[in-house]
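A.B. asks: In the working numbering, the protein residues as written are 367 to 692.
1) Does the distance from the CB of residue 718 to the CB of residue 579 come in under 8 Å?
2) Please classify residue 498: does DSSP put it in a helix, a strand, or coil?
3) Between which two residues does the alpha helix (DSSP H) harbouring residue 442 extend?
4) For the pair the region 448–464 and the region 500–515, tell me if three or more CB-CB distances fall below 8 Å.
5) Grab me the residues of residue 562's own chain with a C-beta within less than 6 Å of its C-beta, minus the 5 sequence neighbours each way, in chain order.
6) Does the distance from the C-beta atom of residue 605 to that of residue 624 stay below 8 Å?
7) In terms of alpha-carbon separation, which member of 630, 542, 586 and 631 lies closest to residue 422?
8) At the level of alpha carbons, what is the spacing between residue 475 and residue 437?
9) What do you reckon, are the CB atoms on residue 596 and residue 685 nearer than 8 Å?
10) Residue 486 lies in the alpha helix (DSSP H); which residues open and close that run?
11) Return yes when the Cβ of residue 409 is within less than 8 Å of the Cβ of residue 400, no when it is not.
12) Tell me, to the nearest whole angstrom, how far the beta carbon of residue 525 is from that of residue 482; I am working on the premise that it is less than 8 Å.
13) Can you look up residue 541 in the DSSP assignment and give me helix, strand or coil?
14) Report, in whole angstroms, the separation of the C-beta atoms of residue 531 and residue 632, which I expect to be a contact under 8 Å.
15) How close, in whole Å, do the beta carbons of residue 441 and residue 412 come, if the pair is a contact with beta carbons under 8 Å?
16) Buried or exposed for residue 528, going by 16 or more other Cβ atoms inside 10 Å?
17) When the distance is taken between beta carbons, is residue 465 closer than 8 Å to residue 601?
18) Quick one: grab the DSSP three-state call for residue 512.
19) Do residue 443 and residue 425 have their CB atoms nearer than 8 Å?
20) Does the beta-carbon of residue 439 have 16 or more other beta-carbons within 10 angstroms, so that it is buried, or is it exposed?
21) Name the two residues that bound the continuous beta strand (DSSP E) containing residue 450.
22) Apply the 10 Å Cβ neighbour rule to residue 398 and answer buried if 16 or more other Cβ atoms are within range, or exposed otherwise.
23) Using the Cα positions of residue 545 and residue 574, report the straight-line distance between them to the nearest angstrom.
24) If you compare alpha carbons, which of 390, 405, 653 and 564 is closest to residue 690?
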């Protein structure tokens, strides 16, 4: 591990100021992703700014919905009464991620900021445009079973690993951030980025910006929602395919749907085509199947992950059926 300077911030303003002055500095929250990358010499910050003592841990109801502090632990968030009662899809998604030990350390803000990555990203002997822009993408012609089927480019085919973020996408969350001048809010659909020509950029933050909270508007999905994760083993594994699904029903008619997928793209993939098709339809397996077909029609497989297209259809249908049952 490269030697680094360690500083503990005592306020949001101090943290933002310190990081903004050093292009090679990084925030340290739970450290569950950053420290792994540092040990593998993938991330090489020369300064860590500890933000663990900042007062950003509150989980509360707001006038328009719910606010999750950026430094609240994943475990505390998943098990909070407000989240379990009103956002069960989110609770289930968090508990499907990583291991209990990691969830006890990982923070909400850090969960969103974990790197989109694959095994080639970790292997510093291999070319990777995310790690070294312009060096190439080893996964494009390599073993790409786990990789993207939506939104990938010739520069990167890695997938974003978070479970929590998939549910947040389906729930129309927003991200509050602090910079040196003011506070701003980013719609969740705009927070993470597709790779395009710059796969080294995972999100829309500028250097120095600090996530302070995640806000979720009130919704009608609490009674009918689900999170389904398909993976190679039952714990501590990234998703091959995951689906967060919420249905707002009036009788058996779908008033609206919130659907997002994980394991398929460089960012949480909002299933907008499926949502649009389902609006106003009767909640039946036949309509769920057609919605899945419509959404997955835009998928483009790599050499080793064609199976993900059919798996994506089946997982979408399964999640919608589970959401209907409540």
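Ideal Cβ positions, reconstructed from N, Cα and C, are used throughout, including at glycine.
C.D. replies: In terms of the structure at hand:
1) With the chain covering only 367 through 692, there is no way to say anything about residue 718.
2) coil
3) 440–444
4) no
5) 519
6) no
7) 542
8) 6 Å
9) no
10) 485–488
11) yes
12) 7 Å
13) strand
14) No, residue 531 and residue 632 are not in contact; Cβ-Cβ is about 12 Å, not under 8 Å.
15) Residue 441 to residue 412, Cβ: 31 Å. No contact.
16) buried
17) yes
18) coil
19) yes
20) buried
21) No beta strand (DSSP E) contains residue 450, which is instead part of the alpha helix (DSSP H) from 447–452.
22) buried
23) 6 Å
24) 653
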